[in-house]
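**Student:** Pasting a structure below so you can have a look.
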Amino acid sequence: ALSANYGSGKTHFIALTEQIALREGFLVASLSLDANELKPSDAAKIYQTALSRLRYPNQSERGLAPLLEQARQQPQVTQALLDQSPRGETCPLASSIRLYLDDDVDQNGVVQ
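Using our numbering, count along the sequence shown one by one with no gaps and you end on 115.
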């Protein structure tokens, strides 16, 4: 979280930090919480917004799909990560990733 007076360079600092992170190979997502459009109390919308704004080094694509496609190409790494889920088979995120990685699901999450 970053909080400062108007005009103090918050936006510039965030943009610079994003550029450095992308150059170093990190994924980044930037969003601003406010009282109207993205409320701090709306965890589901914050999560959805962050995932939709994911940016990748050296790619113009955004969102979760490119990450899932990389996971599909490295099933052993993905399985090792999913095995670390503290909720195991009952974890909604792990279940969704497993479903997506199944060849019967397309990139939009539609079962074929």
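Here a beta-carbon is modelled for each residue, glycine too, at the ideal position from N, C-alpha and C.
Here's the rule I'm using: 16 or more other beta-carbon atoms within 10 Å means buried, otherwise exposed. How should I23 be labelled?
**Tutor:** The residue is exposed, with fewer than 16 neighbouring Cβ atoms inside 10 Å.
**Student:** If I follow the unbroken alpha helix (DSSP H) through V80, where does it start and stop?
**Tutor:** Per DSSP, V80 belongs to the alpha helix (DSSP H) from P78 to L85.
**Student:** Let me check one thing: in DSSP terms, what residues is R58 bridge-paired to?
**Tutor:** DSSP lists V31 and R65 as partners of R58.
**Student:** Indicate the three-state DSSP secondary structure (helix, strand or coil) for E40 in the structure shown.
**Tutor:** Of the three classes helix, strand and coil, the one that applies to E40 here is coil, per DSSP.
**Student:** Taking all protein chains shown into account, do 16 or more other C-beta atoms lie within 10 angstroms of the C-beta of L85, making it buried, or fewer, making it exposed?
**Tutor:** Burial call: buried.
**Student:** Could you give the C-beta distance for L41 and L34, rounded to a whole number, given that I count them as a contact under 8 Å?
**Tutor:** Sure, about 6 Å apart at Cβ, within 8 Å.
**Student:** Return the first residue and the last residue of the alpha helix (DSSP H) that L102 is part of.
**Tutor:** From DSSP, the alpha helix (DSSP H) with L102 extends over P95 to L104.
**Student:** Throw me the rounded Cβ distance for the Y59 and L30 pair, which I believe falls under 8 Å.
**Tutor:** Contact holds; Cβ gap of about 6 Å.
**Student:** Tell me the rounded alpha-carbon separation between L96 and Q76.
**Tutor:** In a straight line, the C-alpha of L96 is about 19 Å away from that of Q76.
**Student:** Just confirm the distance between the C-beta atoms of A32 and L67, as a whole number of angstroms; I'd bet it's less than 8 Å.
**Tutor:** The Cβ separation is near 10 Å, so there is no contact.
**Student:** Considering just the uninterrupted stretch of the alpha helix (DSSP H) at R26, what are its terminal residues?
**Tutor:** It spans K13 to R26 - the alpha helix (DSSP H) in which R26 sits, taken as one unbroken run.
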